[in-house]
Each structure stands twice: as C-alpha cells, then as structure tokens.
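Taking it in order: structure first as structure tokens, then the write-up.
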DNA sequence: GTGAAAGCGCTAACAT
DNA sequence: ATGTTAGCGCTTTCAC
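Residue numbers (the UniProt record's numbering), protein chains in the order written: chain A, 1 to 328; chain B, 1 to 328.
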C-alpha cells in the first residue's frame, strides 16, 4: 500500500480511504491512486485490514456435510448473498459428529468472524459457552421450534413428519414404516420420525422403524424394504428420510412387482430433481433449501448493518410443502 | 494474549512460543500458561498471527459448484486432509461462469493463502497473471492432459469419452448419442463428448449431440430422448454427461417400453450411489472423486512443507474406471 | 528457556 | 480533502 501511495504521490491513509470510500477522495488523486494500483497489481491484505479495524468480513457456517444436496444448495444461496455484501464464508462440516462442532466453532471464532451460522439446535455445553461469550450474531438454521441461541431460520421437522402422516392417514393407510439413513446421528431425521409416528399412532395405526447402516443408501434401502415386507407384510406405506432412500425403495418395488401405491405407498423427503420422473412420480416433501439460505443471509446482514428497527424478527418458520404425486 | 501472560506471570512472547511450540517452554510455565488460557477462555487471533508471520494457514479452492456430488465429495476429502494439517479452506464457486473465477482468485489472494486449488485448466489471462505473480502453490484438479500452471491432479476427460466409445463399439453399437447438461459451459463434459465422438466416428459410427437447457435434468433428459429417438430411430446407444441425466433417460425408456440395452444402451457418468440399483443396473464411469481430494492435499502439503526431495511429482493422472453393468 | 523490542500492513482518530 | 500518528494482536529476531 505504501508503494501505491508513493507512486501516486499521496499518503498511505489516502490510499486506504480511497479503497474503502472512494468518493471521499478527490477525483484527481483517486485516478492517480487507481492507476498506481493497476500498474503495481496491488492487492490489499485482508488480514491486516481485519486486524486494524478489529472487524472481519468473515461469516462462519457449520453444516453436517456438504455432500447432501439439502445443505449444499442452502450453502450456495447463502454464499451468493453474503459474498455480494462483501463477506467471505468459512465453511466447516461436522460429518454429523457433534464433538467436531466444538472444534470447528473454536477454529472459526479464532478468525474473529462477524457472524456464525449453525445447523440445528444441538450444541455441546462448551460450544454454547464459547458462543455466548463471543457475542457474535448467530443463526441456527434448518430447524425450528426451540428457543435457540440468537436467530433461527428453518422449519419444524416434527411438523413435517406429522404432515406426511396426516396425508397418508387421509388416504386410508394405517400400517406404516419409516426408513432412515443415519438415524442415530441425524437429529432432524429423528424428529421427522417422531412427528410421523406420533400422528400415525394417535390415529390408531402402527409404524415400523428401520435404519440404513451400509454405504450404498439406494441398494440398502431395497434390501431393508424386502426384509421389512417379509416380516411385516401388512405394511402399506413408507416414509423415507430422503429421496434417494425412497428411490431405492421404489426400484425394489419394481423388481418385486409390488405396485406403487397399491401394494405400497412411498413418500420421500427433499423433492430432488428426479422425483418428478420416477415411475410413478414420487410424493415427497420439499424443504425450503434455498429460502433458508436467503433468509439466513438477510437476517445476518440486517443485524450486521445495525438496522435496529428491523431487528425484531429473529425467528423464521419457513415450513415445508408436501408435493403430492402418484406414489402415495 | 497479554492477559494470559499476565495471569501466568510470564511474558507474551513465552505464551506465543507455548502456543506454537509447547515443548520449547518449560513444563512449569507451560502448565501455568495452559491454566491461564483455560481460565480466561482465550482464543488466539488468527488474523494477527497471520499478519505477524506473513504466512497464513489458508488454502483457497475454486470449484464450478458445490451442489454437484462430484465436487462436493472432492471438497470434503480435501478439507478433511488439509484441516488435519492445520489449514483452513476458503471455498469459492464460479457457477460455471469463467468471469467469476478471476474475481474469486482476487478475493482469495487478498487473504494471502498458502495454496490455491482450481478446477481445470481454463483461466482468464488476467487470472493467470495474478497467479504467476503471486507465486503460491497451485493445483489444477479434475482434469489432466495440459501443461498447467503448477501441479495437476485429475484425469483426461477425452480419454474417458474414448473408453466409453470403445466399450460400446466392442458391444456392436454404431449409432450413438451424447446427452449433456450445461454443454456450452462445462468444458469437461465437452471434452468427454469430443473423445467419445472422435472414437465413434473413427470406427465408422455416428454421434448425435443433445444439450439439456431446462431446470429439471431428469425430466428434460426424458423429453429430449423422446425427441431424439423420434428423429433418429436408428440410435442404439446413449452416453450421458452425468448419472442423473442417465437416470432420466432410463426412466423414459421404461415409460416408452424401450428395453435397455436391447432397444437402447445407456451409459452414465459419476457412479453415483443409485446407479447400482436401477433397472437394469447402470453402466457408468467412476471418476476418482475422493482420490482427487486426497492427492491434491498430499501434493500441496508436500510442497508447503518444503520437502524438495519429493517435489518432482507434480502431475497425477488418476484415470477413470468404467463400471460395466447391464444397461450397455 | 525466557523476555524486550521491532514490526507485519493496514485502519482510525485527529489535526490540518 | 489529506496527512500524521498510534495502534490492532500477534511473531520474530536477538540478547540474556
């Protein structure tokens, strides 16, 4: 920067000012500075800037995994909005391991971020104390219904499970099953199960639970379904923890010659691209993947800009949409 | 840090030393410092550290999108290895927009990163000049066959296309088609097409090209396939730019009653989880998603640790595996 | 093994 | 509108 200043024949602080608020520098010097920047190929040092201003343009985001299309789509919209506002995302993934979250929070906090986005409400005691002490803006996303640390953007997974149950009950199904990946670690899949089960049981029906443990979800979904139907031939409807599992189940039905939805109704979760093209088209739940990203960015930006007037809205329930097609 | 020093009754520089190389501090003081850190909940300021040492533990990664399972799996393995070595990833996505890459490079370079990972060989002139000037370690991944800026980890998409062509030719197919998403922007899908077409044409066959342009890949794959078969009923085999497109094509064949592979052979790309469960199981290409991440991390770490002895290996062709199942 | 001192590249008062 | 000055919170010589 001092090189730029020298070449443009101004003081370093004028260069700094020009970089941050160009219109507060006279046109003549502004042009000189700009041409010096271009000539030298100068790139400002973000760390030095962050240190000096004791703020950073960093926003941390912690998700269970970036390989699920749910989260990667949320991340992509989030990053788009925040980058446009000049922020840099620091992404960490826990791989559904609660103990890793604390480590990631620590690592992100050491960057002195302006904000932090977490997935869900479940955090270790230590994490919570780190966060409350650090006093930064926090959004917990992809869930809704608990008090939360600060701001919340998501939907209730229990309600989602209940919605699916009510739909199936309405269509006359009674004996149901829930097929899940990652059941013991994915709290939100768990919640969907609970909402589903409670509603089904309340209506006099039954719910069998099966968890996938292998590596290939689609293949194992088929295998587990075969076993399930063998043990519980009375099963009439199946709610899956995601669309890939549901696809596996549908393909298995085809192999077995079980008609959908007559022999077995199937409902997915995710409304992934392919669900409209399966045979038959799949009934599924659409979570607000992109909306979560957009609203999270909006809440964060509002807070960081310090518009206290709009600061009252801090909890957003985006709900889910049940996409009824022909598989149920 | 000075607070910690005060509480532990040592100098700040001893605390700093303890944090970086604990064994060079006496046990007694080390313990005092650690307890002071715990008591105060002290977190080091990474930016200050980076500024003072004029190095950073940052490694930038630029991918077209994080929503493709290809890239997100590579990212996940890459981040795992690099985080374990103490590095922080800064992820940017271009959304297949070449002009955004330059902006991202600029933004990442301003963090003074230790290394940078790019996807493919195609960069603007300005980007290249920024990179060569910055003199950091660079890995271009997910492609192979060009000289590259520094290190290269990937595979040849042209060879991949040729492999698929040879497999189909061997099985007696002559009239083929290539169905692609994002064809005009995804250089690597383009290369696969070229490798495929050249081999097919060289053997006396023909290749029709169709590009998906809508939002739903699976649905549009079906639609385009229907039109294609109507216009070119002689088509015997189809190579798709990814597994989702291939799934859409397979589902369309089912709807139309076209048997696979008798009426139409289908080959995907990606070897996604579900491809083993389709009806029939899908022939597809397995790109080395995770291996790319691992080797990229390895090369980068070797370079950053300055082991000049092992520094000779800078170009790795990981190849692809053709997974022959029953759809071809 | 430990501490004092200088400085990393900026920003933020403040004075002009 | 511009320049001077004093840090931001660390790391890194270099003495001791």
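Note that CB positions come from ideal geometry on N, CA and C, so glycine has one too. As the structure is a computational prediction, the values presented were derived from the model and not from experiment.
Using a Cβ-Cβ cut-off of 6 Å (strictly less than) and excluding sequence neighbours within five positions of residue i, which residues of its own chain qualify?
i                     : result
residue 304 (chain A) : 114
residue 91 (chain A)  : 61
residue 50 (chain A)  : 56
residue 327 (chain B) : 260, 261, 266, 280, 282 and 283
residue 37 (chain B)  : 4
residue 184 (chain B) : none
Just the chain B side, please: which residues come within less than 8 Å of residue i by C-beta, in chain order?
i                     : result
residue 67 (chain A)  : 69, 72, 73 and 76
residue 194 (chain A) : The premise fails here: residue 194 (chain A) is roughly 27 Å from chain B at the closest Cβ pair, so nothing lies under 8 Å.
For residue i, which residues in the same chain have their Cβ closer than 8 Å to its Cβ, ignoring the five residues on either side in sequence?
i                     : result
residue 188 (chain B) : 120, 142, 143 and 157
residue 204 (chain A) : 174
residue 139 (chain A) : 115, 116, 117, 118, 150, 151, 152, 153, 296, 299 and 300
residue 235 (chain B) : 175, 176, 177, 208, 228, 229 and 264
residue 17 (chain B)  : 24 and 25
residue 86 (chain A)  : 57
residue 194 (chain B) : 158 and 161
residue 196 (chain B) : 161, 162, 164, 165, 176, 178, 207 and 239
residue 69 (chain A)  : 270, 272 and 289
Got a sec: is the Cβ-Cβ distance from residue i to anything in chain A below 8 Å?
i                     : result
residue 141 (chain B) : no
residue 282 (chain B) : no
residue 319 (chain B) : no
residue 301 (chain B) : no
residue 149 (chain B) : no
residue 251 (chain B) : yes
Please tell me whether residue i and residue j are closer than 8 Å, where the distance is taken between their beta carbons.
i                     : j                     : result
residue 251 (chain B) : residue 264 (chain A) : no
residue 337 (chain A) : residue 65 (chain A)  : Past the boundaries of the shown model lies residue 337 (chain A); chain A is included only from 1 to 328, so the question cannot be answered.
residue 7 (chain A)   : residue 43 (chain A)  : no
residue 243 (chain A) : residue 276 (chain A) : no
residue 101 (chain B) : residue 123 (chain B) : yes
residue 155 (chain B) : residue 287 (chain B) : yes
residue 293 (chain A) : residue 132 (chain A) : no
residue 318 (chain B) : residue 167 (chain B) : no
residue 45 (chain B)  : residue 110 (chain A) : yes
residue 268 (chain B) : residue 246 (chain B) : yes
residue 181 (chain B) : residue 274 (chain A) : no
When the cut-off is 8 Å and only beta carbons count, does residue i lie next to chain B?
i                     : result
residue 44 (chain A)  : yes
residue 248 (chain A) : yes
residue 229 (chain A) : no
residue 258 (chain A) : no
residue 274 (chain A) : yes
residue 266 (chain A) : no
residue 90 (chain A)  : yes
residue 176 (chain A) : no
residue 219 (chain A) : yes
residue 325 (chain A) : no
residue 93 (chain A)  : yes
residue 244 (chain A) : yes
residue 222 (chain A) : yes
What does a CB cutoff of less than 7 Å around residue i pick up in its chain, not counting 5 residues either side in sequence?
i                     : result
residue 136 (chain A) : 113, 114, 115 and 116
residue 79 (chain B)  : 89
residue 146 (chain A) : 121
How would you list, in chain order, the residues of chain A whose beta-carbon sits under 8 Å from the beta-carbon of residue i?
i                    : result
residue 39 (chain B) : Simply none; closest approach about 13 Å.
Taking all protein chains shown into account, do 16 or more other C-beta atoms lie within 10 angstroms of the C-beta of residue i, making it buried, or fewer, making it exposed?
i                     : result
residue 214 (chain A) : exposed
residue 186 (chain A) : buried
residue 201 (chain A) : exposed
residue 220 (chain B) : buried
residue 22 (chain B)  : exposed
residue 10 (chain B)  : buried
residue 14 (chain B)  : buried
residue 249 (chain A) : buried
residue 199 (chain A) : buried
residue 241 (chain B) : buried
residue 148 (chain A) : buried
I want to verify the contact list: residues of chain A whose CB lies under 9 Å from the CB of residue i, in sequence order.
i                     : result
residue 19 (chain B)  : Within chain A, no residue comes near residue 19 (chain B); the closest Cβ sits about 11 Å away, beyond 9 Å.
residue 180 (chain B) : Here the premise fails: no neighbours, minimum Cβ distance about 16 Å.
residue 56 (chain B)  : 47
Listing by chain order, which chain B residues have their CB less than 7 Å from the CB of residue i?
i                     : result
residue 106 (chain A) : 43
residue 254 (chain A) : 279
residue 48 (chain A)  : 51
residue 216 (chain A) : 273 and 276
So which residues of chain A does residue i contact, with C-beta pairs closer than 7 Å?
i                     : result
residue 112 (chain B) : 45 and 47
residue 109 (chain B) : 43
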